[in-house]
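>
Residue numbers (the UniProt record's numbering): 1 to 440.
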């Protein structure tokens with residue numbers, strides 16, 4: 001019985017071998033038929049090969065082929081472009097045409113019009129799958145051996161994935177640069193000039209910019225803002241005026257918690273100041289409105305955002321804030337020397353005292369006296385000016401203030417400084433005497 005099993009198994013193997021040989025012959029005949037139909041390449045640099053795809057998906061085959069080719073030739077290719085159903089084209093990463101001022105210089109851009117490429121044409125017939133691989137590996141427009149050109153290489157795909165993760169986690173650009181350097185060193189890369197692995201802050205900013213295109217798919221940020229303030233953030237918005245060609249963007253923000261805080265303190269002394277750092281790329285103004293709560297801490301109770309600043313727009317924001325908070329009427333407001341804010345407050349809150357922030361007063365005066373317009377005053381002269389401002393600040397009555405300011409202007413000995421104080425500060429201080437000139 002054992003002998004019979006042996007001979008029957010051997011016969012089966014022989015039959016299986018014959019089947020394999022027959023399949024191989026059919027494959028070769030099929031491939032030869034495909035080869036005869038191929039066009040004759042006019043470019044002698046192009047090589048053509050036909051491979052049978054067995055047990056692999058198209059994408060898997062192409063990825064493995066490209067990775068092996070890149071390791072072998074130390075070159076890199078762009079992601080595939082599909083012009084038809086079964087045709088895929090991988091251009092050299094330096095294959096794009098230059099459009100900017102660099103004019104295709106390899107040390108300044110990767111757009112060098114390189115002619116190198118790899119293409120895949122998949123053919124499926126009679127149960128077989130083959131791929132026609134054409135490749136032209138003679139690179140033009142850039143020098144693979146020049147280390148200076150590597151400064152313009154694309155980021156390694158694996159590292160790029162980590163950078164995108166770090167960006168979504170909220171890491172700063174400097175933190176990501178450090179982490180990417182650690183990542184490259186841990187994998188044995190040592191050439192710090194190789195931008196594929198050692199990133200610069202500008203590389204990270206570019207990734208961040210591209211990432212925002214996918215996370216913010218709207219045509220522009222104005223559309224995204226409108227969706228937010230009229231959708232999920234609607235309960236936090238007191239007033240919204242969308243940005244158009246005919247009107248500026250205006251947003252008055254007040255959360256339910258801030259509204260409750262203002263209800264507890266309907267007649268506060270509040271502080272108002274504009275910042276431009278948070279919205280630098282747009283140049284928009286962000287106003288913080290802060291009051292002192294019952295524990296003595298300064299807490300914001302509203303924010304004003306506007307793309308254009310004027311007394312009318314600031315007044316509009318304050319009126320909209322009052323319409324949502326009917327009992328709100330401040331007893332005093334502290335501002336810097338901003339006439340837009342001053343005029344808006346006088347219009348909306350005519351009975352409210354306006355206090356000038358002493359820090360901003362001295363800061364503005366000091367900047368002016370140290371500038372060219374201020375005559376580049378010596379330290380002694382600057383001291384006289386600041387001391388004069390201090391004396392005027394200490395005045396309690398308007399009569400005292402006029403007497404001191406007149407005496408100081410006569411003693412300064414500089415017409416330029418005297419004119420500056422008379423035009424920009426003394427009239428404003430005179431306007432604020434009694435009702436809202438403060439020694440705070």
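C-beta atoms are modelled at their ideal positions from N, C-alpha and C, and glycine is treated no differently. Computed from a predicted structure; not experimentally measured.
1. For a quick check, are the C-beta atoms of residue 306 and residue 238 less than 8 Å apart?
2. Looking at the structure shown, is residue 113 part of a helix, part of a strand, or coil, going by DSSP?
3. By Cβ distance below 6 Å, which residues in the same chain neighbour residue 169 in space, the five residues on each side in sequence not counted?
4. Whole angstroms is fine: what's the gap from residue 121's alpha carbon to residue 137's?
5. I need the DSSP call for residue 134, collapsed to helix, strand or coil.
6. Between which two residues does the alpha helix (DSSP H) containing residue 386 stretch?
7. Considering only DSSP beta bridges, list what residue 48 is partnered with.
8. Is the beta carbon of residue 333 sitting closer than 8 Å to the one on residue 355?
9. For residue 186, which of 172, 193, 200, 159 has the nearest alpha-carbon?
10. Going by beta-carbon coordinates alone, are residue 31 and residue 111 separated by less than 8 Å?
11. Can you find the residues in the same chain that come closer than 8 Å, C-beta to C-beta, to residue 248, ignoring five residues on each side of it along the sequence?
12. Here's the rule I'm using: 16 or more other beta-carbon atoms within 10 Å means buried, otherwise exposed. How should residue 423 be labelled?
13. Considering just the uninterrupted stretch of the alpha helix (DSSP H) at residue 61, what are its terminal residues?
14. Give every residue of the same chain whose Cβ lies closer than 7 Å to the Cβ of residue 435, excluding the five residues on either side of it in the sequence, and list them in chain order.
15. Start and end of the beta strand (DSSP E) containing residue 305?
16. Just to confirm, does residue 407 get its C-beta within under 7 Å of one of the non-hydrogen atoms of the ligand MG?
17. The beta strand (DSSP E) that contains residue 288, what's its start and end?
18. According to DSSP, what are the bridge partners of residue 356?
19. Nearest-angstrom Cα distance between residue 329 and residue 289?
20. What does a CB cutoff of less than 7 Å around residue 83 pick up in its chain, not counting 5 residues either side in sequence?
21. Return the CA-CA distance between residue 291 and residue 299, expressed in angstroms with no decimal places.
22. First and last residue of the alpha helix (DSSP H) that includes residue 322?
23. Should residue 26 go down as buried or exposed, given a rule of 16 or more other Cβ atoms within 10 Å for buried?
Per the coordinate set shown:
1. No, the Cβ-Cβ distance between residue 306 and residue 238 is not below 8 Å.
2. coil
3. Closer than 6 Å at Cβ, skipping near neighbours: no residue.
4. 17 Å
5. strand
6. 379-393
7. 134
8. With contacts defined as CB atoms closer than 8 Å, residue 333 and residue 355 qualify as a contacting pair.
9. 159
10. no
11. 241, 306, 307, 308, 313
12. exposed
13. That run of the alpha helix (DSSP H) goes 58-73.
14. Residue confidence is low: residue 435 scores 41 on pLDDT, short of 50, so the model does not pin down where it sits. Its coordinate-derived value is still stated next. Same-chain partners within the cutoff: 353.
15. Segment 298-306, the beta strand (DSSP E) holding residue 305.
16. With respect to the ligand MG, the structure shown offers nothing to examine, as it has no ligands at all.
17. 285-292
18. 335
19. In a straight line, the C-alpha of residue 329 is about 13 Å away from that of residue 289.
20. 89
21. 6 Å
22. 311-324
23. exposed
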